Amino acid sequence: MRFDGKVALVTGASRGIGRAIALALAREGANVIVNYSKDDAKAREVVDSAKSLGSRAIMVRADVSNPMQIEEMERVVREEFGRLDILVNSAGITFRRPLEEVPYEEWRRVMEVNLNGAFYVMRTFFKLMADSGGGSIINIASVAGYIPMVGSGAYSPSKAGLIMLTELAAAEWAEYGIRVNAVCPGPIETDMLREEFTEEQLEIRKRLIPLGRLGRTDDVVKLVLFLASEDSSYITGESFIVDGGMAVSYYLLMEKLFKMGKKILEQP
1 MRFDGKVALV
11 TGASRGIGRA
21 IALALAREGA
31 NVIVNYSKDD
41 AKAREVVDSA
51 KSLGSRAIMV
61 RADVSNPMQI
71 EEMERVVREE
81 FGRLDILVNS
91 AGITFRRPLE
101 EVPYEEWRRV
111 MEVNLNGAFY
121 VMRTFFKLMA
131 DSGGGSIINI
141 ASVAGYIPMV
151 GSGAYSPSKA
161 GLIMLTELAA
171 AEWAEYGIRV
181 NAVCPGPIET
191 DMLREEFTEE
201 QLEIRKRLIP
211 LGRLGRTDDV
221 VKLVLFLASE
231 DSSYITGESF
241 IVDGGMAVSY
251 YLLMEKLFKM
261 GKKILEQP
């Protein structure tokens, strides 16, 4: 197995993409730390599933936006495993509203979790990872960090910042054997996405994606596993878009929107 004996920390691992990544790492032999902030039951379910796959898995409750809690999580990981080989920053939140309506506290909260939280975790675990002989950090950013997602408030700026943080860390930490890359998903079928959009809105989004479907968690997981493995040992500082062709098809999307709007206008 690719990660036999490796130790992996996944933040935001109790649900969605983070959950899928944690279980995939466990399936490939990694010992997994399941980080979460709220739902003990869901985190326990992930840990139990990971253990059933043969992983030595533990759950650690910590809000990534709280540096003191992150430091305590580092202490637990150091005592339990003594090393860290893989770090996946998957914790993230979003609120949808136009910029002029974004409350200051909401802006700060999104930045604290999506950008600052990733930095706090990376900075806190840097020494343990360096002492382990290096490793791989994968930040879950978003295609919204490349192209502005209108109405996403602080989300797009936070993910753009995460992409630059990824590049900076890759440049500074390469000498320690630490590779840092980002995965930038488009619309992925998760509970978070279904909480954000109605079924009708999701159907419209699906029709606008050049490959004709929403992404699946497995589309993201396979790339994360590649970046965590030795198969990508000469890759660092890169951001990989997983969006079914949305980012490179702006004008195609505009044409589709025009045709859809025209059909609606032509209806009796």
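For the sequence shown, the UniProt record's numbering gives the first residue as 1, with consecutive numbering after it.
Quick reminder that beta carbons are idealized off the backbone N, C-alpha and C, glycines included.
These numbers come from a predicted model, not from an experiment.
Shortest alpha-carbon distance to residue 83 belongs to which of 34, 125, 212 and 195? Residue mapping note: residue 83 aligns to position 83 of the sequence shown, counting from 1. Of 34, 125, 212 and 195, the residue nearest in Cα terms is 125.
Can you tell me the Cα-Cα spacing of residue 177 and residue 135, whole angstroms? Residue numbering aside, residue 177 sits at position 177 when the sequence shown is read from its first letter. Residue numbering aside, residue 135 sits at position 135 when the sequence shown is read from its first letter. In this structure, the straight-line span from the alpha carbon of residue 177 to that of residue 135 is close to 6 angstroms.
Enumerate in chain order the residues of its own chain whose CB-to-CB distance from residue 17 is below 8 angstroms, with the five nearest sequence positions on each side excluded. Here residue 17 corresponds to residue number 17 of the sequence shown, with the count starting at 1. Hits under 8 angstroms: 90, 140, 185, 188, 190, 217, 220 and 221.
CB residue 113 to CB residue 92, shorter than 8 angstroms? Taking the first residue of the sequence shown as 1, we reach residue 113 at position 113. Taking the first residue of the sequence shown as 1, we reach residue 92 at position 92. Here residue 113 is near residue 92, since their CB atoms are less than 8 angstroms apart.
List, from N- to C-terminal side, the beta strand (DSSP E) runs of 3 residues or more that fit wholly inside the segment 29-104. 31-36, 58-61 and 86-89
Cβ neighbour criterion (16 or more within 10 Å) applied to residue 76: Your numbering for residue 76 matches position 76 in the sequence shown. The residue is exposed, with fewer than 16 neighbouring Cβ atoms inside 10 Å.
Could you tell me whether the segment 146-161 touches the segment 92-103, where touching means 3 or more Cβ pairs closer than 8 angstroms? yes
Just grab the DSSP bridge partners of residue 114 for me. Taking the sequence shown and counting its residues from 1, one reaches residue 114 at position 114. None, per the DSSP bridge assignment.
Cutting at 6 angstroms between CB atoms, please list the residues of its own chain near residue 73, excluding the five before and the five after it. Along the sequence shown, read from residue 1 onward, the residue named residue 73 stands at position 73. Same-chain partners within the cutoff: 60 and 62.
Out of 37, 39 and 8, which one is the CA nearest neighbour of residue 56? The residue labelled residue 56 in the question sits at position 56 within the sequence shown. Nearest C-alpha to residue 56: 8.
Going by C-alpha to C-alpha distance, which of 19, 26, 11 and 12 sits closest to residue 2? For the purposes of this step, residue 2 is taken as the residue at position 2 of the sequence shown. The shortest Cα separation from residue 2 among 19, 26, 11 and 12 belongs to 26.
Going by C-alpha distance, which of 169, 65 and 22 is nearest residue 44? Here the question's residue 44 lines up with position 44 in the sequence shown. Out of 169, 65 and 22, 22 has the C-alpha closest to the C-alpha of residue 44.
Cα-Cα separation, residue 200 to residue 193: Start at 1 with the first residue of the sequence shown, and residue 200 comes out as number 200. Start at 1 with the first residue of the sequence shown, and residue 193 comes out as number 193. Those two C-alpha atoms are separated by around 13 angstroms.
With 16 other CB atoms within 10 Å as the buried threshold, where does residue 41 fall? Here the question's residue 41 lines up with position 41 in the sequence shown. Answer is exposed; the Cβ neighbour count stays below 16.
Please state whether DSSP places residue 157 in a helix, a strand or coil. As a position in the sequence shown, residue 157 is number 157, starting the count at 1. In this structure, residue 157 counts as helix in the three-state DSSP scheme.
So, for residue 102: in the same chain, excluding its five sequence neighbours on each side, which residues have a beta-carbon less than 6 angstroms away from its beta-carbon? Translated into positions along the sequence shown, residue 102 becomes position 102. Correct list, in chain order: 153.
Let me check one thing: in DSSP terms, what residues is residue 9 bridge-paired to? Start at 1 with the first residue of the sequence shown, and residue 9 comes out as number 9. In the DSSP output, where bridge partners are listed per residue, residue 9 has 33 and 87.
Three-way DSSP call (helix, strand, coil) for residue 27 in this model: Position 27 of the sequence shown, counting from 1, holds the residue named residue 27. Here residue 27 sits in helix by DSSP.
Taking buried to mean at least 16 other C-beta atoms within 10 Å of its own C-beta, is residue 263 buried or exposed? Working through the sequence shown from its first residue, we reach residue 263 at position 263. Because residue 263 carries a pLDDT of 49, less than 50, the predicted location of this residue cannot be relied on, and no value is offered for it.
Using C-beta distances below 8 angstroms, list every residue in its chain close to residue 211, excluding the 5 sequence neighbours before and after it, in chain order. Here residue 211 refers to the residue found at position 211 when the sequence shown is read from its first residue. Contacts found: 244 and 245.
Under DSSP, the beta strand (DSSP E) around residue 182 begins and ends at which residues? Against the sequence shown, residue 182 aligns to sequence position 182. Segment 178-185, the beta strand (DSSP E) holding residue 182.
Within 10 angstroms of its Cβ, does residue 234 collect 16 or more other Cβ (buried), or is it exposed? The sequence position of residue 234 within the sequence shown is 234, counting from 1. Classification for residue 234: exposed.
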